[in-house]
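One line per chain: the protein sequences are A and B, in this order. Basically this note's numbering = 1-based index in the first sequence + 15. Basically this note's numbering = 1-based index in the second sequence + 15.
Number of protein chains: 2
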Amino acid sequence: MNFQPLTPELVSAFEQIVGHQHVLTAHGVEAEIYADYGRDHTEDLHFAPDVVLRPANAEEISQIVRLCYEHHIPVTPRGAGTGLSGGALPIHNGVVISTERLNKIIEIDERNLQATVEPGVINQVFQEAVQAKGLFYPPDPASKGSCTLGGNLAHSSGGPKAVKYGTTRDYVLNLQVVLPTGDLIWTAANTLKNSTGYNLTQLMVGSEGTLGIITKVVFRLLPYPQQNILMLVPFRQIEQAAEAVSAVFRAGIIPSGMEFMEREAIAWSSDYLQIPLTLPEDIHAHLLIELDGQDLDELYKEAEQVYDVLGHYDVGEVLLADNATQKDELWRIRRNIGNSVRYNSVYKEEDTVVPRAELPILLKGVKEIGARYGFKSVCYGHAGDGNLHVNIIRGDLNDEQWNVGLRQPISEIFELCVKLGGTISGEHGIGLVQKGYIGIALPEVNLDLMRGIKRVFDPAGILNPGKIF
Amino acid sequence: MNFQPLTPELVSAFEQIVGHQHVLTAHGVEAEIYADYGRDHTEDLHFAPDVVLRPANAEEISQIVRLCYEHHIPVTPRGAGTGLSGGALPIHNGVVISTERLNKIIEIDERNLQATVEPGVINQVFQEAVQAKGLFYPPDPASKGSCTLGGNLAHSSGGPKAVKYGTTRDYVLNLQVVLPTGDLIWTAANTLKNSTGYNLTQLMVGSEGTLGIITKVVFRLLPYPQQNILMLVPFRQIEQAAEAVSAVFRAGIIPSGMEFMEREAIAWSSDYLQIPLTLPEDIHAHLLIELDGQDLDELYKEAEQVYDVLGHYDVGEVLLADNATQKDELWRIRRNIGNSVRYNSVYKEEDTVVPRAELPILLKGVKEIGARYGFKSVCYGHAGDGNLHVNIIRGDLNDEQWNVGLRQPISEIFELCVKLGGTISGEHGIGLVQKGYIGIALPEVNLDLMRGIKRVFDPAGILNPGKIF
């Protein structure tokens, strides 16, 4: 990388564009706030940007990026910083562009079941705004209360409902993007179908802020499913929980949630939240299964079918959540596993994904590798998608063991994923921390194509440099 | 373009690769069959390839393409030749690679609800094979009985069920592709989620055979919906039919089919098929509405809601198809509109698409433009997607009027689409015949990005040259 240092003249130019109060530096009045922009939710990593900019709109971002393009200054776009792969870390310093002020829901178009929003809108804020109009935006990462839609687009975030409704990419119709040259484009049209040229929209989604900065999004929406049923199913054998996942789908049922939690995941989270939960000694894993739709009778019929499937496994007493409070508590437990693990220890989160029927083999493999290399892991995740989050706990590991010693076992976990038809990230992205492993998932020919695409979009190599490959 | 002529040495090399009987030329024993490979279903266009090759597998295609790459020979990949934008026409002559012998369903994986297939499999053959196992592959273009899955991938074909289930691209997990250099890659992994590098899969889908030749596909599948209800709704006012489309969705219903047919579309097709259909004088358009699911009672409840919505419009007597034969006849009428128009006259098909609530404005605009320029059009299509097929009838238009005079009115139709938030192709692609209009939909910055991507994949510019842009 051949970046240039940030000059005082450029900082002045940025102040002209975004206003003095939206330029943060290590020595400015908001130095403490500034420091937060050097971190995200990935382990305990920190990189200091030279300057943090908080522009108000696409035009300001375009002007900033054009200046950085002309002066070879690295630019790292940033949503809420809840990412788990280090994608928002400014590892080459330079400029961080925060989208926090691009936080408007511009239009909810009830005639077309579409919405136009800015990338800094919090996922849950958007969900609640469309729900108020009877509409549904399904992608709901665990961090939905704090993560932004722009960050969700960067990784095509999923969440529990992805199993029935797909991930972020399945709801994007059109994107307004500032390219790494400063040019401002729309990628497509506001239509459900589009066969007009290459799909720049889907290329942008999941590109982790390396091909452009998204400044507006047109999402498609669904009618809101009015009813749901939630059940917590305890399993005496951990692998049977993983096997039952596939069996439910084979019975013709598509749940709106199908979450796997091993014993420690649910125990740590309920402790962390101080929600009392009875966990008999012989229970080693749980499935949290949600069914949704417009008709409660129909859902109860489906629930019967799920019970029939579960009858083939060694399960404990199923908890059927029958009121909103109980449902909410169960989902809070599931959503806070990550936080509870973080509260207990520094950890590395691996976002493994395989075809769903291979989940028992993956889980067994992870535990075997852990036993062999002497580390503990807490496993949970979106079992319906074959997406298992493996949290490797630092515990008593020393720096050498933590920073170097884990490379080999993590490689072995990822090699197992690929062998099973899977890959190394389902929804968290490659970012910084998985970059060293991407060769396990993708051969050099694929990576060369990606590097070529990167050069087409970003000839100066300034946008989120050092990420993915 | 700086292509080299095909030498006898290269033809011999091709014979070595695919076998003598699978190399077709103008002078060979199968000269008549050979001629078919110069046409598709687009108007009355014809371009003669130098040679047609019918390889058996990915490895043979890789060898052929590598030779063509080294010798600068244009290569045009071809499925069944049912395309409507001229995408499979070998306009620079050279080599046509037909995928017809790559016609194996390699695996239907009931554990993972996935299937691995070759691109030359006929859409309907695949649908029926998975249905026999209780599984569902929704994309079903009107030509499903003859079109191939590879062709469907080239344009991300839709069909009636796209309104609920999405288009071809929504079912693709992973693609095996021969790149224009001859390299053979898999684009992704066999997983429902993937956040590992740029999305080469979705870049390949819809690229109309210009970035690579797809040689294997992994599709995801759904449980087969066991029940459906089909209704044919006659409207006295054509624009009310278009308006009712949006109203049904706003009522919270997602039909599995929502097809619009103006009077002439349905009349021509039922005549063509010799299926008697009563069409009262005052009926000017129809909607064909399908609801599907696992529970018939639930569907009847939904049908009641649809009736409630229709009550706000000036409709004739609704025909509720109550047996398989009647349903089949109605769908045959819908699917054969294109054939019936082709039977009556040469025509140009414009694949307009807009946000669905804008459909009445588009339809009105198309008719106004036709009246102003003196051409007749037959309009029908996937109204639930805002995708209106405008068939411009040649009728008595002379060569000048047909080849030159229509350019201005077609441009005006496309400009109207873009003004309404839409674009110029929803599912047929740009190919050859819409290439001149792509600037209406996409600004030069977007086209430059696409050209750059093309150069990354195809540095010699040999693969399906002269298409899209």
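Ideal placement from N, C-alpha and C gives every residue a C-beta, glycine not left out. Computed from a predicted model, the values in this text were never measured in an experiment.
From the options, residue whose alpha carbon lies closest to that of residue i
| i | options | result |
| --- | --- | --- |
| Leu164/A | Lys176/A, Gln146/A, Glu133/A | Glu133/A |
| Gly451/A | Ser426/A, Cys432/A, Tyr287/A | Ser426/A |
| Glu344/B | Arg126/B, Glu313/B, Leu245/B | Leu245/B |
| Thr340/B | Lys379/B, Ile290/B, Ala28/B, His37/B | Ile290/B |
| Arg349/B | Ser113/B, Leu188/B, Leu374/B, Pro156/B | Pro156/B |
| Ala372/A | Asn354/A, Gly166/A, His397/A, Lys382/A | His397/A |
| Leu335/A | Asp323/A, Asp312/A, Glu305/A | Glu305/A |
| Leu377/B | Tyr362/B, Gly173/B, Cys394/B, Glu30/B | Cys394/B |
| Lys342/A | Glu430/A, Met465/A, Val405/A, Asp307/A | Asp307/A |
| Ile229/A | Phe141/A, Ile112/A, Thr211/A | Ile112/A |
| Cys331/B | Gln252/B, Tyr362/B, Asn402/B | Here residue 331/B is Gly; the residue named in the question, Cys, does not match the sequence. The candidate whose alpha carbon is nearest that of Gly331/B is Gln252/B. |
| Gly197/A | Lys469/A, Cys83/A, Glu115/A | Cys83/A |
| Val490/A | Pro175/A, Glu279/A, Glu122/A | Outside the displayed span of chain A (16 to 484) sits residue 490/A, for which this structure offers no information. |
| Val178/A | Arg235/B, Val66/B, Gln31/B | Arg235/B |
| Val460/B | Pro70/A, Asp310/A, Phe472/A | Phe472/A |
| Arg422/B | Ile453/B, Gln241/B, Asn214/B, Asp286/B | Ile453/B |
| Gly326/A | Val192/A, Gln309/A, Ala73/A, Ala262/A | Ala262/A |
| Gly401/B | Leu237/B, Ile483/B, Gly181/B, Glu319/B | Gly181/B |
| Val361/A | Val369/A, Asn351/A, Arg409/A | Arg409/A |
| Ser172/B | Leu194/B, Asn189/B, Leu150/B, Ser222/B | Ser222/B |
| Ser158/B | Gln217/B, Lys391/B, Thr97/B | Thr97/B |
| Thr367/B | Ser100/B, Thr91/B, Leu68/B, Ser355/B | Ser100/B |
| Tyr358/A | Asp59/A, Pro23/A, Pro20/A, Glu115/A | Asp59/A |
Host beta strand (DSSP E) of residue i (start-end)
| i | result |
| --- | --- |
| Arg235/A | 228-235 |
| Ala336/A | 334-336 |
Counterpart residues of residue i in DSSP-defined beta bridges
| i | result |
| --- | --- |
| Met219/B | Paired residue(s): none; Met219/B is not in a bridge. |
| Ile304/A | Met246/A, Met273/A |
| Arg371/B | According to DSSP, which records beta bridges pairwise, Arg371/B is partnered with nothing at all. |
| Thr225/B | The partner list for Thr225/B (beta bridge, DSSP) is empty, contrary to what the question assumes. |
| Asn406/B | Glu364/B, Val393/B |
| Ile112/B | Leu68/B, Pro92/B |
| Thr131/A | Glu122/A, Val233/A |
| Leu39/B | Val67/B |
| Ile137/A | Thr163/A |
| Pro480/A | BP columns for Pro480/A are empty, so no partner. |
| Pro238/A | Leu150/A |
N- and C-terminal bounds of the alpha helix (DSSP H) containing residue i
| i | result |
| --- | --- |
| Ile352/A | 352-359 |
| Ala28/A | 23-33 |
| Leu435/A | Counting along the chain, Leu435/A falls outside any alpha helix (DSSP H), and DSSP gives it neither H nor E. |
| Ala50/B | 46-51 |
| Ala262/B | 253-265 |
| Arg278/B | 278-288 |
| His327/B | Run containing His327/B: none; DSSP gives neither H nor E here. |
| Asn461/B | 459-472 |
| Glu74/B | 73-86 |
| Ala456/B | 453-456 |
Run through the region 146-216 of chain B for me and flag every whole alpha helix (DSSP H) of 4 or more residues, listed as ranges in chain order. 164-170, 177-180
Residues of the region 359-386 of chain A whose Cβ lies closer than 9 Å to any Cβ of chain B, in chain order: Among the residues of the region 359-386 of chain A, those with a Cβ less than 9 Å away from any Cβ of chain B are Asp366, Val368, Val369, Pro370, Arg371, Ala372, Glu373, in the order of the chain.
Mind listing which residues of the region 122-139 of chain B have their C-beta closer than 8 Å to chain A's C-betas, in chain order? Asp124, Glu125, Arg126, Asn127, Leu128, Gln129
Listed from N- to C-terminal order along the chain, which residues in the region 208-220 of chain B have their beta-carbon within a distance smaller than 8 Å of any beta-carbon of chain A? Of all residues in the region 208-220 of chain B, only Lys208, Asn209, Ser210, Thr211, Gly212, Tyr213, Asn214, Leu215, Gln217, Leu218, Val220 come within less than 8 Å of chain A when Cβ atoms are compared, listed by chain position.
Chain-ordered residues of the region 304-332 of chain A with a beta carbon less than 9 Å from chain B: Taking 9 Å as the Cβ-Cβ cut-off against chain B, the residues of the region 304-332 of chain A that qualify are Gly308, Gln309, Asp310, Asp312, Glu313, Lys316, Glu317.
Within 9 Å of chain A by C-beta, residues of the region 446-459 of chain B in sequence order: Gln449, Ile453, Ala456, Leu457, Pro458
Near-chain A residues of the region 70-103 of chain B - C-beta to any C-beta below 8 Å: none
Could you run through the region 265-279 of chain A and flag, in chain order, every residue whose CB is less than 9 Å away from some CB of chain B? Arg265, Ala266, Gly267, Ile268, Ile269
Residues of the region 154-179 of chain A with Cβ closer than 7 Å to any Cβ of chain B, in chain order: So the close ones are His170, Ser171, Gly173, Ala177.
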